[in-house]
Amino acid sequence: MNNNMSGSMTMTQKILAAHSGHDHVYPGMFIEADLDVVLANDITGPVAIKEFDRMGVDKVFDCEKVVLTPDHFTPNKDIKAAELAKELRDFAREKGIVNYFEVGRVGIEHAFLPEQGLVTAGEVIIGADSHTCTYGALGAFSTGVGSTDAAAGMAMGKAWFRVPAAIKFELVGALPTWVSGKDVILHIIGMIGVDGALYKSMEFAGPGVAALSMDDRFAIANMAIEAGAKNGIFPVDEKTLAYIAAHPASTMTKTPVIYEADADAEYESIYTIDLSALRPTISFPSLPDNTKTVGEAAALKIRIDQSVIGSCTNGRLEDMEVAAQILKGRKVADGVRCIIVPGTQEIFLDCVKNGWAEIFVEAGAVLSTPTCGPCLGGHMGVLAAGERAIATTNRNFVGRMGHITSEVYLASPAVAAASAVTGVITDPAGL
Amino acid sequence: MGKAYKYGANVDTDVIIPARYLNIADPTELAKHAMEDIDADFAKTVAPGDVIVAGSNFGSGSSREHAPLVLKVAGVAAVIAPSYARIFYRNAFNIGFPILESAEAAEAIDAGDEINIDFAEGVIINETKGETYKAEPLPEFMSKLIECGGLVEYVRTVTTT
């Protein structure tokens, strides 16, 4: 079982060892780790609450370390969704949970938690949402779990893990114009497949990391799950620490802890990715690994009915900025609905302050309050039979955004905005 | 035990239970929509003891525990696949829903085959074809979870002793 007696560990393994009282952990080892944050939302939270109640526990393990975010079917899309949101709210009040955030303050969880300083480097975080892997961008071990795991986490402050092996992605070079973190991760998923990193860590490293913005890193770590990974993780550098310093928590004290992979850490495979060679990349229906470059896609002149710019993958400030840059002075094409969803209230406010809100509305786009709604076919942009959307979201499965015959093409904000203008999938460089 | 339903690779949680139904809190009501986006007849025809046989990476996508839950509530006795998406894998064990890893069985079993499973031995029996297949042995920790009846009972055991 223990195929690495040298004691060297990956970054993920070091964080897990430190949180489980072990000097050394190895792939395949089962451990119980202490949790720094346990997250749930309005869909997974109510199921977790039901299981929590069955566990025969009165109190959550820590009133500050449980974070509850009503962000999926909110603002409540119907009566049933309202009942679920109410269950989450009532539980938060009853248990005295400090980090419950109401509609009007809450954002899309994986844009919101880092912005509010609720997660930091070196932590072990679980969330009852698959995209919880986003916080790996900050150098944390962070992974999605189900509701029962979240319930056990809320009760005990612990979770069981099978220690993952790792794949290393050595990034070199810097991204060209109109190419973003989203394109990096779509390219990687296209290369290794939707189960290419199954059960494993995706560890990003190399000189190319420094050139990536934090928003790029969040988008990359966010979609690690789309390659089947347990987590995606970035080393902590000056940019990470500057981001953390600029986003202090108002509800609690957090201290980043830096872990580094050992120089002789073992990886199952190592890929070198030359960022400067990447092109805007698009995932065709109905799996994220079905990728083409923007050139290949544009040549097909694929008509779209809707363009969605937002989500936990791409609802951050830089995503809004690039959308504004492209939509400025232009109009959304006839027959296209363009829906822009800033990830958090703070980002929404920045859109207003920077004049981007005006650009979006004048272009003929919808500017929505933060919600996960359209990404999972919940509300705010559900597709009819046969309709086609380009979206900066993370999944293009059958029926993901609406009717089972509708289609989703995953892309960066630049490509989604450019396509909204022309009505066909378009290379932003050609506008 | 029951008959096999067969599906391809990468069956995701969005087709196991589409998000548009996740506002439904009652598991029995929710289970009426199980698999509906890839098999409209599944929920109407599935009988207790039936099994789902599928390709690799079963349960990919969303962390929704509603996915293994609707299969369990619909009466599915087990899922057999060469591999599982990791969150679905955790969730299944956490709620005490048996899933077996067997590339051989996933390949050989056809839709409608009559299947029996010896969980203790990890053996899958195809009554229709007169074949048996071996499933991957469970890690000790996972066996313990199943023995306890799931994570809730495991936590109860831990917190009361």
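Here the protein sequences come in this chain order: G and F. Going left to right, the first sequence walks through residues -8 to 422 as our numbering numbers them. Going left to right, the second sequence walks through residues 7 to 167 as our numbering numbers them. Idealized CB from N, CA, C, for every residue including glycine.
Please tell me whether residue i has its Cβ less than 9 Å away from any Cβ of chain F.
{"i": "G:Phe21", "result": "yes"}
{"i": "G:Ala382", "result": "no"}
{"i": "G:Met147", "result": "yes"}
{"i": "G:His63", "result": "yes"}
{"i": "G:Ile6", "result": "no"}
{"i": "G:Arg80", "result": "no"}
{"i": "G:Ser121", "result": "yes"}
{"i": "G:Val48", "result": "yes"}
{"i": "G:Thr360", "result": "no"}
{"i": "G:Ile34", "result": "yes"}
{"i": "G:Leu269", "result": "no"}
{"i": "G:Gly377", "result": "no"}
{"i": "G:Leu374", "result": "no"}
{"i": "G:Gly219", "result": "yes"}
{"i": "G:Phe388", "result": "yes"}
{"i": "G:Tyr400", "result": "no"}
{"i": "G:Arg391", "result": "yes"}
{"i": "G:Asn(-7)", "result": "Because the pLDDT of G:Asn(-7) is 44, which lies under 50, any placement of that residue in the model is unreliable, and the question is left without a value."}
{"i": "G:Ile216", "result": "yes"}
By a C-beta neighbour count over all protein chains shown, 10 Å radius and 16 as the cutoff for buried, is residue i buried or exposed?
{"i": "G:Arg391", "result": "buried"}
{"i": "G:Asp265", "result": "exposed"}
{"i": "G:Gly113", "result": "buried"}
{"i": "F:Glu71", "result": "buried"}
{"i": "G:Glu115", "result": "Correcting the residue type first, residue 115 of chain G is Val in the shown sequence and not Glu. Answer is buried; the Cβ neighbour count reaches 16."}
{"i": "G:Ala306", "result": "Sequence inspection shows Gly at residue 306 of chain G; the Ala mentioned does not correspond to that position. Per the 10 Å Cβ criterion, buried."}
{"i": "G:Pro279", "result": "buried"}
{"i": "F:Gly56", "result": "According to the sequence shown, residue 56 of chain F is Asp rather than Gly. Buried, because 16 or more other Cβ atoms sit within 10 Å of the Cβ of F:Asp56."}
{"i": "G:Gly334", "result": "buried"}
Does DSSP put residue i in a helix, a strand or coil?
{"i": "F:Asp18", "result": "strand"}
{"i": "G:Ser138", "result": "helix"}
{"i": "G:Asp14", "result": "coil"}
{"i": "F:Leu144", "result": "coil"}
{"i": "G:Ser274", "result": "strand"}
{"i": "G:Ser192", "result": "strand"}
{"i": "G:Trp169", "result": "coil"}
{"i": "G:Asn(-6)", "result": "Annotation note: pLDDT 47 at G:Asn(-6) (below 50); position unreliable, coordinate value reported separately. G:Asn(-6): coil per DSSP, three-state reduction."}
{"i": "F:Lys9", "result": "strand"}
{"i": "G:Leu109", "result": "coil"}
{"i": "G:Cys363", "result": "coil"}
{"i": "F:Glu110", "result": "helix"}
{"i": "G:Leu266", "result": "helix"}
{"i": "F:Ser149", "result": "helix"}
{"i": "G:Asn222", "result": "strand"}
{"i": "G:Phe209", "result": "helix"}
Over the uninterrupted alpha helix (DSSP H) stretch that includes residue i, give me the two end residues.
{"i": "G:Gly172", "result": "172 to 183"}
{"i": "G:Val285", "result": "285 to 290"}
{"i": "F:Thr34", "result": "33 to 37"}
{"i": "G:Asp49", "result": "Note, G:Asp49: premise wrong, no alpha helix (DSSP H); not H, not E."}
{"i": "F:Val79", "result": "72 to 79"}
{"i": "G:Val323", "result": "Counting along the chain, G:Val323 falls outside any alpha helix (DSSP H), and DSSP gives it neither H nor E."}
What does DSSP give as the partner residue(s) for residue i in the beta ladder?
{"i": "G:Thr60", "result": "G:Asn32"}
{"i": "F:Lys138", "result": "In the sequence under discussion, the amino acid at residue 138 of chain F is Thr, which differs from the Lys named in the question. In the DSSP output, where bridge partners are listed per residue, F:Thr138 has F:Ile131."}
{"i": "G:Ser260", "result": "G:Ile158"}
{"i": "G:Arg294", "result": "G:Val415"}
{"i": "G:Asp25", "result": "G:Lys149"}
{"i": "F:Ile105", "result": "F:Val85"}
{"i": "G:Asn90", "result": "G:Val58"}
Just reading off the beta strand (DSSP E) that residue i is part of, what are its end residues?
{"i": "G:Gly414", "result": "No beta strand (DSSP E) holds G:Gly414; DSSP gives it neither H nor E."}
{"i": "G:Asp228", "result": "First-last for G:Asp228: undefined, no H or E at that position."}
{"i": "G:Lys149", "result": "149 to 153"}
{"i": "G:Ala382", "result": "379 to 382"}
{"i": "F:Glu120", "result": "120 to 124"}
{"i": "F:Tyr95", "result": "First-last for F:Tyr95: 92 to 100, but that is the alpha helix (DSSP H), not the beta strand (DSSP E)."}
{"i": "G:Ile350", "result": "That residue, G:Ile350, is in no beta strand (DSSP E); its alpha helix (DSSP H) goes 347 to 354."}
Would you say residue i faces chain G, with C-beta separation under 9 Å as the test?
{"i": "F:Val59", "result": "no"}
{"i": "F:Val76", "result": "no"}
{"i": "F:Phe230", "result": "The first residue shown for chain F is 7 and the last is 167, placing residue 230 of chain F beyond what the model contains."}
{"i": "F:Val72", "result": "The sequence shown places His at residue 72 of chain F, rather than the Val named in the question. True, the Cβ-Cβ gap to chain G drops below 9 Å."}
{"i": "F:Asn132", "result": "no"}
{"i": "F:Leu157", "result": "yes"}
{"i": "F:Glu145", "result": "The sequence as given places Pro at residue 145 of chain F; Glu does not occur at that position. So, interface residue."}
{"i": "F:Val52", "result": "no"}
{"i": "F:Thr34", "result": "no"}
{"i": "F:Ala25", "result": "yes"}
{"i": "F:Asn122", "result": "no"}
So does residue i have its beta carbon nearer than 8 Å to some heavy atom of the ligand ZN?
{"i": "G:Leu129", "result": "For the structure depicted, the ligand ZN is absent and the ligand set is empty, with no information on it obtainable."}
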